[in-house]
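Chains as they are written, first to last, in the numbering used here: chain S, 1 to 297; chain D, 1 to 599.
Below is one structure, written out as structure tokens; the observations come after it.
Encoded structure:
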């Protein structure tokens, strides 16, 4: 047993010695997991010569499956670069301009800020929805939803055509008419994307306050991912389910509309000098072609 | 009377059969669920492919757009486990020697309790410690931010320490005292006796502890996912992103497409096979140990050994120093983890009392963990209601009814060993494809509790059986001689005397419920929300809440505070378990004597 330990110890020291040789710091590239909506949106936009980032990300990349982990990793590492939904952005990190443009309401809506994605509300096409679910959907489709998108840092879509899936009928913004009393129906079951938690919590609170009820009594909310949201809507038997997806939805049994746009901010450590990056530079960083921060300026 | 006896036996056999069914169904369901993926992707491409780039839109009817090879992760899992074994093994080996032979007598019970505490700390807390303390520290010598093989091995190494230390300690303590005395009598000093006689005699037990630690490291998910980097590639050097099998499941299950989900369950199957292999090896070693001890009961051998070692005492001196250093290192590590969490978390608890007892409000910034606390209690109660009777019934069957080498008993023991080794993330997968499906497709407290109850089974069976074994045979014979039936003897005499052991198993099981998170993530739910109104509601336990709070980045302080609450809770449970056992066994000693004399 002693011999085994001795050999193992020797291996450790060898490895440490070999590591100490290349002390120059590389950029820490931090991305989300393969099936994340945030990553999908990011990979689609970041391209060079027509080749997108998907499938070409550097093997040195760190993958986190939580926005918070991306934020804390960037906040504690001067060489890190990552991306998060703009609603989750906080002071611990710094967002950079992309091609000279900062993410904001206007730049996202007019499309000049490229890294963005829709937040989608889903319901079943197969079963008739309960009155209450129907009514809550109307609420989400109405102008009242705007306060909630603002509360969550996302951008409300005004254009009726852009609120619908490509090739579908436009979805107008209606004025929500409050019913005399809370419409009938069981608890509204909400499942889907974790990115939309802030938005949906705010909407639930607003709707419950409108009817002066406790939100806990009329909503059952559980967010574990867009695909679980989709599956729950597809398997809906009661007409109580509303799904949330942070990427566009094309399933044939699902009715959907785009409630708001979410910009994805590229973030770096506060202590770095970088303020602006081009899409091409981002491509090179995330594919590992640019390795050091010094190569950027 | 006879029918009652038969009924009783049938009941105990039933418990044993439930254990067997649980173990088998885990394999069966996972294999059935992953079979389409194995077929669609191809077994070889899945297991030996080294490109993992899943496509969410892939389904079983159309051609695949993504690729699903997990070989890089198999290698990642094996290498990181070896790393953990190097760090945790060396440290644990010397610490156990320190505890048994060098630790001051007064310090020892405290040290043992603290090591048990280390075992109870939820893996999420370790991961959290890794990401906010270890990685920044390692980044100073690393070319990247510190994530990778070294960080993972260190965290895993710390996590398997308690397993290795407590098992090795037991092995060292069970070496007959005469060995020591004999060696000293011939003139060897304390240190050379320890390293040349005592440690080699406990070799089998120590090896077994390492194997068991390996099992734990293989199956660990929540901490690894935070420090490994997770890029699906081969580990390359000490630093650099890589992914383990467990991390693959945790990372992608929530957003998985149809084929991807199958491939992730297949990942679970491969993991299960790795762990089961380790388990079989463990059982071989345990049997070997017993034989080895029997053969070394040969005093001549000791004598010659003692003589030979007197010549090279210096080597043992190094061992002595190493054990002392190891003991101190483990103490420092534990102190660092706990104080780091407390320093960061306590201010939140003190400044925001609503954090613990507030009412949950949607859209409010004031997070409260009261609902999570209630969820945790609910899960603990339900899972114990299910697992305790089954566990006790099985243990009674094994100890009171089964023949020692009987076929059924062997199968039951095998099933229990398998259940004990299944990684918790695999339990999570199993719960997701069985209980969650049964209860309408959405996660619920009931599904979570059912999943956890299977996890608890092996612990309860094993500790109950241990305490049943310790009940004196004279008690059994006495009761039978007085004309009591077997069932009556079990219910009135044996169970009461084994009660302290059973109770402490139950209390420690609560600790397990409190600290588990991987199996609950996809069975019970993960959103922090209102107090549940029924067991069909979903909810997050404290550990899951901690994972969630640290995850979205809005409530880091609350995450630390939750970690503080968790550590205090686990510590309190450990303490209660200790005191119950002590208190009850004292009282029972008096009781049974009286009872005996009455009869």
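Yeah, the Cβ is synthetic: ideal placement off N, Cα and C, and Gly gets one too.
Non-local C-beta neighbours of residue 30/D in its own chain, meaning closer than 8 Å and more than five positions away in sequence, comprise 265, 268, 269, 272, 426, 429, 430 and 433, ordered along the chain. Relative to the Cα of residue 319/D, the nearest Cα in the group 576/D, 65/D, 350/D and 102/D belongs to 102/D. Residue range 254-268 is occupied by the beta strand (DSSP E) that includes residue 261/S.
For the stretch 46-70 of chain S, the residues whose beta carbon sits under 9 Å from a beta carbon of chain D are, in order, 54, 55, 57, 58, 59, 60, 61, 62, 63, 64, 65, 66, 67, 68, 69 and 70. Contact annotation for residue 25/S against chain D: 143 [CB-CB distance below 7 Å, chain order].
Along the length of the stretch 132-196 of chain S, whole beta strand (DSSP E) runs at least 3 residues long occupy 188-192, reported in chain order.
Contact of residue 152/S with chain D is not assigned, every C-beta pair being separated by 7 Å or more.
In the structure shown, residue 524/D adopts coil according to DSSP, grouped into three states. In the three-state scheme derived from DSSP, where H, G and I count as helix and E and B as strand, residue 48/S is classed as strand. Here the C-alpha atom of residue 84/S lies approximately 51 Å from the C-alpha atom of residue 204/D. Contact between the stretch 563-572 of chain D and the stretch 339-355 of chain D is present, with at least three C-beta pairs closer than 8 Å.
In the DSSP annotation of this structure, residue 294/S is not part of any alpha helix (DSSP H), being labelled neither H nor E. Within chain S, not a single residue places a beta-carbon under 9 Å from that of residue 157/D; the smallest gap is close to 12 Å.
Here the alpha carbons of residue 337/D and residue 161/D stand approximately 14 Å from one another. Per the DSSP secondary-structure output, residue 123/S pairs in a beta bridge with 255/S. Here residue 350/D is not near residue 558/D, since their CB atoms are 7 Å or more apart. If you draw a straight line from the Cα of residue 464/D to the Cα of residue 542/D, it is about 28 Å long.
Closest by C-alpha distance to residue 64/S, out of 47/S, 119/S, 42/S and 36/S, is 36/S. Beta-carbon to beta-carbon, residue 223/S and residue 192/S are separated by about 6 Å, close enough to satisfy the 8 Å threshold. Residue 331/D carries a helical assignment under DSSP once its states are collapsed to helix, strand and coil.
Sorting 78/D, 48/D, 56/D and 82/D by C-alpha distance to the C-alpha of residue 69/D places 48/D at the top. The three-state reading of DSSP puts residue 222/S in strand, counting E and B together. Here the alpha carbon of residue 161/S sits roughly 17 Å from the alpha carbon of residue 262/S.
By DSSP's assignment, residue 242/D forms a beta bridge with 229/D. Proximity of residue 223/S to chain D, defined by a Cβ-Cβ separation below 7 Å, is satisfied. Not one beta carbon of chain D lies nearer than 7 Å to the beta carbon of residue 91/S. Between residue 159/D and residue 522/D, the gap from beta carbon to beta carbon reaches 7 Å or more.
With a contact defined as Cβ atoms closer than 8 Å, residue 119/D and residue 227/D miss out at about 20 Å. Within 10 angstroms of the beta-carbon of residue 493/D lie 16 or more other beta-carbons, which makes it buried.
Residue 503/D is positioned such that its CB atom lies no closer than 7 Å to that of residue 388/D.
Rounded to whole angstroms, the Cβ separation of residue 54/D and residue 42/D is 15 Å, and the two are not in contact under 8 Å. The beta carbon of residue 172/S does not come within 7 Å of any beta carbon belonging to chain D, so the residue lies off that interface. At least one CB of chain S lies nearer than 7 Å to the CB of residue 525/D. Only residues of its own chain outside the window of five on either side were considered, and among them 226 and 227 have a CB closer than 7 Å to the CB of residue 131/D, listed in chain order.
For the 7 Å CB-CB criterion, residue 287/S and residue 58/S form a contact.
In terms of beta-carbon proximity, residue 251/D lines the interface with chain S, with at least one pair separated by less than 7 Å.
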